[in-house]
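Position 75, counted from 1, in the sequence shown is what my numbering calls 91; the numbers after and before it change by one each time, with no gaps. Think of the CB as a built atom: it goes at the ideal place given N, C-alpha and C, for glycine as much as any other residue. As structure tokens, the structure follows; a few thoughts come after it.
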Amino acid sequence: MNVFELECVSFFYKNGRKALDGISFHIGQGEAVSILGANGCGKSTLLYMLQGLLKPASGRLRVFSEDDLSDSSRARISLLFQNSQAQLFSLSVLDELMFGPLHLRGMESGDAGRRADDVMEMLGIGHLKDRSPWQLSEGEMKKVALGACLSTNPDVFLLDEPTSGLDPRSQVDLVELIAALKKAGKTIITATHDLHAVAEISDRAIVMGEDHRVLADDGSYELLKNPGLLLKANLIHEHVHAHQGYEHEHTHCGPHEHHEHGDLHGPEASGSQEAAGKHAEGGGGAHGEAEVIHKLKVLLPHWAEHNIEHARTYGEWAQKAEKAGAGGLASILKEIAAESERLNALFDRAKKMLPD
Ligand SMILES: Nc1ncnc2c1ncn2[C@@H]1O[C@H](COP(=O)(O)OP(=O)(O)O)[C@@H](O)[C@H]1O
Ligand SMILES: [Mg+2]
Numbered sequence: 017m018n019v020f021e022l023e024c025v026s027f028f029y030k031n032g033r034k035a036l037d038g039i040s041f042h043i044g045q046g047e048a049v050s051i052l053g054a055n056g057c058g059k060s061t062l063l064y065m066l067q068g069l070l071k072p073a074s075g076r077l078r079v080f081s082e083d084d085l086s087d088s089s090r091a092r093i094s095l096l097f098q099n100s101q102a103q104l105f106s107l108s109v110l111d112e113l114m115f116g117p118l119h120l121r122g123m124e125s126g127d128a129g130r131r132a133d134d135v136m137e138m139l140g141i142g143h144l145k146d147r148s149p150w151q152l153s154e155g156e157m158k159k160v161a162l163g164a165c166l167s168t169n170p171d172v173f174l175l176d177e178p179t180s181g182l183d184p185r186s187q188v189d190l191v192e193l194i195a196a197l198k199k200a201g202k203t204i205i206t207a208t209h210d211l212h213a214v215a216e217i218s219d220r221a222i223v224m225g226e227d228h229r230v231l232a233d234d235g236s237y238e239l240l241k242n243p244g245l246l247l248k249a250n251l252i253h254e255h256v257h258a259h260q261g262y263e264h265e266h267t268h269c270g271p272h273e274h275h276e277h278g279d280l281h282g283p284e285a286s287g288s289q290e291a292a293g294k295h296a297e298g299g300g301g302a303h304g305e306a307e308v309i310h311k312l313k314v315l316l317p318h319w320a321e322h323n324i325e326h327a328r329t330y331g332e333w334a335q336k337a338e339k340a341g342a343g344g345l346a347s348i349l350k351e352i353a354a355e356s357e358r359l360n361a362l363f364d365r366a367k368k369m370l371p372d
């Protein structure tokens, strides 16, 4: 049975801005699908629509084979908002987690309380029970918002950038949780521009282009192996880096403001190496203070972006090594990840020291 059927669905916001253009796909019960796309391509809008919060301007959307989503069908679908503040409204974390069981599932308050306790234990947020959701950190809020989705025990999860705002360890936990939900037969649709977890959380990925149309719809592995497509969707970017005399080429995940490498070298840098995107990150030569600051404004965010990505990778591989029984390796990788985390904080400090 199909949970969602979209035929040529388009949507425009009131200011006339196009967000979805002729989107067609079907998602069956129990499927795990990633919606991939750069910022602004329409992922959140699409999830709002699947949850029934927005209606297509044109085209047809059927949910559980219904043209008009009934309240009982809507209660089977939970949306984790990209911005947790938009989702949380209760006075305490406990109330937030009991809302779904009480009001969407019609449970007795004793049962709803036990459900909330189970979810808090699963997410490791029991210590936040009596806190106001509004006074939590971004990552804690995200976990509470996720808890509110879980406690309702929906058939369909719509997760909008679920890993954003979480620390590396919580990101790994979340990916494992999604994989477990997937195994349990839930339908899970995850909007993300983070390619790291795609293969673990989904079997299929729908790639949206910056023209708000579907660029590709295929198996997750197949799509991840297609750098041309990912580049076209602005999900990766390529550089050739020169690190102290050696070069390596690699791709980066996530949408990216294209920075001009030519800028880093000044107007004289128009040779073939520079044209290929090579930049000397150690940067020799005599530079005036203004020029150094100008270059650091480009380089520091770039280095920081690398470091965040690397720290995450070390953490993920530490978990993998642990699972594979390589405890010694796992613990040193954890240390490396922790050191990289420390560097993240230093990069943040350095970025703040740059003049406007
Ligand atoms: N409330 C809004 N009013 C007007 N335009 C919006 C609104 N929300 C999003 N948009 C625009 O719609 C497009 C799709 O946005 P969104 O669905 O949030 O993309 P994504 O989640 O992929 O980043 C973007 O161009 C965005 O600027
Ligand atoms: Mg979004």
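(Q) Give me, in chain order, the residues of the same chain whose beta-carbon lies closer than 6 Å to that of residue 286; leave out the 5 immediate sequence neighbours on both sides. (A) Note that residue 286 scores 36 on pLDDT, short of 50, meaning its location in the model is unreliable; the coordinates nonetheless yield the value given after this. Cβ neighbours of residue 286 beyond the five flanking positions: none.
**Q.** Inside the stretch 69-150 only - beta strand (DSSP E) runs reaching at least 3 residues
**A.** With a minimum length of 3 residues, the continuous beta strand (DSSP E) runs that stay inside the stretch 69-150 are 74-79 and 93-96.
Q) Do three or more CB pairs link the stretch 85-100 to the stretch 158-169 at distances below 8 Å? A) yes
Q.
Mapping the DSSP letters down to three states, classify residue 300 as helix, strand or coil.
A. With a pLDDT of only 41 at residue 300, under the threshold of 50, the placement of this residue in the model should not be trusted, and no figure is reported.
Q. Ligand 4 heavy atoms versus the CB of residue 33: any closer than 7 Å?
A. With respect to small molecules bound, the structure shown includes ligand 1 and ligand 2 and not ligand 4.
(Q) Quick check: what's the CA-CA separation for residue 36 versus residue 27? (A) 5 Å
Q. With burial defined as no fewer than 16 other Cβ atoms inside 10 Å of the residue's Cβ, what is the status of residue 383: buried or exposed?
A. With the chain running from 17 to 372 in the structure shown, residue 383 is simply not present.
Q: With a threshold of 16 other CB atoms inside 10 Å of the CB of residue 190, please say whether the residue is buried or exposed.
A: By the 10 Å Cβ count, residue 190 comes out buried.
Q: Let me know the secondary structure DSSP gives residue 16 once reduced to three states.
A: No statement about residue 16 is possible, as the shown extent of the chain runs from 17 to 372 and does not include it.
**Q.** Cβ neighbour criterion (16 or more within 10 Å) applied to residue 220
**A.** buried
Q) Between which two residues does the beta strand (DSSP E) harbouring residue 57 extend? A) In this chain, residue 57 is not harboured by any beta strand (DSSP E), its DSSP state being neither H nor E.
Q | Status (buried if at least 16 other CB within 10 Å, exposed otherwise) for residue 243 | A | Its Cβ having fewer than 16 others within 10 Å, residue 243 is exposed.
**Q.** Spatial distance of residue 353 from residue 328 (CA atoms)
**A.** 7 Å
Q) Is residue 70 closer than 8 Å to residue 61 when the C-beta atoms are compared? A) yes
**Q.** Euclidean distance between Cα positions of residue 33 and residue 81
**A.** 29 Å
Q. Can we count residue 59 as close to ligand 1, meaning its CB is less than 7 Å from some heavy atom?
A. yes
Q) For residue 217 versus residue 230, is the C-beta distance shorter than 8 Å? A) no
Q: Buried or exposed for residue 340, please, with buried defined as at least 16 other CB atoms from any protein chain shown within 10 angstroms of its CB.
A: exposed
(Q) Give me the residue from 45, 152, 208 and 185 with the minimum Cα distance to residue 200. (A) 45
Q.
Between 78, 86, 126 and 145, which has its C-alpha nearest residue 108's C-alpha?
A. Comparing Cα-Cα distances from residue 108 to each of 78, 86, 126 and 145, the minimum goes to 145.
Q) Does DSSP put residue 169 in a helix, in a strand, or in coil? A) coil
Q: Could you say if the stretch 163-178 and the stretch 112-122 meet the contact criterion of at least three C-beta pairs nearer than 8 Å?
A: yes
Q.
Since residue 41 and residue 233 should fall inside the 8 Å C-beta cutoff, what is the C-beta to C-beta distance between them, to a whole number of angstroms?
A. 6 Å
Q: Could you give the DSSP three-state label for residue 226: helix, strand or coil?
A: Residue 226 falls in the coil class under three-state DSSP.
**Q.** Test item: CB-CB of residue 5 and residue 177 under 8 Å
**A.** Here the chain covers residues 17 to 372 and nothing more, so residue 5 does not appear.
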